[in-house]
Amino acid sequence: MLEASKSKFDLPLKTLVAAVALVFSIEIHELVHLLTARLMGIPSRFLNLTAAGIPMADAAKYPPGELAVMNGSAPLFSIVVLGCGTYFWLKGRPFERSWRRYFLTWVTIFNLPYLGLQMMAMGGPSLPNGGGNDFATVFDYFGASHFLRSWLGVVGYVVFIILQAPLRNLLYLEDGTPGRHGYKPVSRLRTILGWGFVALGLVASRIFTLFETVFWALACISFVSWSSDLTRALFRQWLAPCIMATLMLAVIFASGQTLRREGNDFLMLWIFFIPIVLGAIYFRTSVESSLARQ
């Protein structure tokens with residue numbers, strides 16, 4: 078039980094669970110790529126620790142439709158099964174503080190907004206070899222223009238934000254939710270600054286910079302009052318483990334030349350998943366902020 082872990086090791090344990098959930102989500106995703114391709118007779122393999130597919134030089138040997146299925150199956154699995162499936166499974170069961178629930182909550186956090194991440198990447202290059210731009214590759218095989226894909230990337234930025242709203246229902250607090258009077262709304266200046274960062278994210282998503290998630294993170298930091306009891310509790314239980322987990326994985330997979338070459342995607346995880354947790358915290362605190370202003 079989580080209550081029994083209250084000690085100086087609490088944050089390291091939570092960090093470890095978050096890191097395992099993240100690695101689990103990525104490797105299951107890549108395994109679906111590999112198995113789907115093998116079922117169609119495409120000799121897919123793990124090209125590195127975070128990518129399964131075929132070399133670019135071999136892509137022309139296989140029908141575009143089969144390659145589209147190979148690339149599209151894994152993100153759909155991540156979104157539908159690991160994202161929506163775990164979300165409704167958790168929502169439909171009585172609350173229980175356990176490491177299993179904590180692990181599954183992280184799996185949901187990482188996968189429910191994944192639809193938005195995939196759409197945002199549609200403005201990037203088509204890479205049928207596990208490069209991460211799965212939807213871009215699928216739409217490219219079906220002849221979608223880069224103009225259409227780039228605007229779908231803007232829509233993806235909005236979808237990415239919207240799909241963080243349901244996550245607020247999963248960010249439980251072990252010590253109970255602080256009273257609404259403990260939340261202090263932010264100033265109007267910070268709110269305006271936050272909407273400015275949202276607008277910059279829209280611009281960035283149109284030109285595919287991959288930093289639109291950073292602008293969203295900055296917006297959430299502006300929107301949220303970090304001096305309130307509620308936010309401090311959310312930081313301790315959810316944001317701090319996410320930061321530590323992504324940084325830990327980045328350090329591990331940057332520690333040697335081989336790991337840098339084979340697992341370099343782990344170096345960039347913070348740019349995607351820290352903004353998701355910040356967004357969930359923003360939506361969790363937005364109701365308290367409205368009540369506090371009344």
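Residue 78 is where the sequence shown starts when you use this note's numbering, and the numbers rise one by one after that. Each residue gets a CB set at the ideal place from its N, CA and C atoms; glycine is no exception.
In the DSSP assignment, what are the bridge partners of G130?
Answer is R122, bridged to G130.
What is the DSSP secondary structure of M117, reduced to helix, strand or coil?
DSSP places M117 in coil when its eight states are reduced to three.
Could you tell me the distance, in whole angstroms, from the CA atom of F330 to the CA atom of L344?
Between the C-alpha atoms of F330 and L344 there is a straight-line separation of about 7 Å.
Closest to Q241 by C-alpha separation, out of A327, A128, A281, L194, would be which residue?
It is L194.
Chain-order list of residues whose beta-carbon lies under 6 Å from that of K91 (same chain, five-residue window excluded)
Around K91: P318.
Is the beta carbon of A151 sitting closer than 7 Å to the one on V109?
Cβ distance < 7 Å, so A151 and V109 count as in contact.
Could you check if A137 is buried or exposed, using at least 16 other CB atoms within 10 Å of its CB as the buried criterion?
Using a 10 angstroms sphere on the CB of A137, the tally of other CB atoms stays under 16, which defines it as exposed.
How many Å lie between A96 and I348 at the Cα?
A96 and I348 have their C-alpha atoms roughly 15 Å apart.
On the DSSP letters alone, give me the boundaries of the alpha helix (DSSP H) that A213 sits inside.
Per DSSP, A213 belongs to the alpha helix (DSSP H) from 211-218.
Minimum C-alpha distance to S155 - residue among S121, G118, A98, S264
It is A98 whose Cα lies nearest to the Cα of S155.
Excluding the 5 residues preceding and the 5 following E107 in the sequence, name in chain order all residues of the same chain whose CB lies nearer than 6 Å to its CB.
Excluding residues within five positions, the ones whose Cβ falls inside 6 Å are A129.
Please return the same chain residues whose Cβ sits closer than 6 Å to the Cβ of F123, not counting the five positions on each side in sequence.
The beta carbon of F123 sits closer than 6 Å to the beta carbons of A129 from its chain, once the five residues preceding and following it are set aside; these are given in chain order.
First through last residue of the alpha helix (DSSP H) which encompasses K168:
Its alpha helix (DSSP H) spans residues 163-168.
Taking the alpha-carbon positions, what's the V94 to N188 distance?
When rounded, the distance between both Cα atoms is 15 Å.
So, under 8 Å CB-CB, S305 and Y260 are touching, yes? Tell me the CB distance rounded to an integer number of Å.
About 4 Å separates the Cβ atoms of S305 and Y260, confirming a contact at the 8 Å cut-off.
With a threshold of 7 Å on Cβ separation, who are the neighbours of L324 within its own chain once the five nearest residues in sequence on each side are excluded?
For L324, the CB contacts under 7 Å within the same chain, skipping 5 residues up- and downstream, are W347 in chain order.
Give a yes or no on whether the C-beta atoms belonging to G220 and N210 are separated by under 7 Å.
With contacts defined as CB atoms closer than 7 Å, G220 and N210 fail to qualify as a contacting pair.
Whole-angstrom C-beta distance between L250 and Q314, which should lie under 8 Å:
In this structure Q314 touches L250 by the C-beta definition: roughly 6 Å separates them, less than 8 Å.
Let me know the secondary structure DSSP gives L311 once reduced to three states.
L311 sits in a helix when the DSSP states are folded into three classes.
Assign A114 to one of two classes, buried (16 or more other C-beta atoms within 10 Å of its C-beta) or exposed (fewer than that).
Around the beta carbon of A114, a 10 Å sphere encloses 16 or more other beta carbons of the protein chains shown; the residue is thus reported as buried.
Nearest CA to the CA of S121: which residue from L144, P171, I103, R265?
Residue L144 holds the alpha-carbon nearest to the alpha-carbon of S121 among L144, P171, I103, R265.
What did DSSP end up calling A331 once you bin it into helix, strand or coil?
A331 falls in the coil class under three-state DSSP.
R265 in three-state terms, based on DSSP
It is helical.
State the start and end residues of the unbroken alpha helix (DSSP H) segment that holds I238.
Looking at the DSSP string, the run of the alpha helix (DSSP H) that includes I238 is 223-239.
Ignore the nearest five residues each way along the sequence and tell me which others in L88's own chain have a CB closer than 8 Å to its CB.
Answer for L88: R313, A317, P318, M321, listed in chain order.
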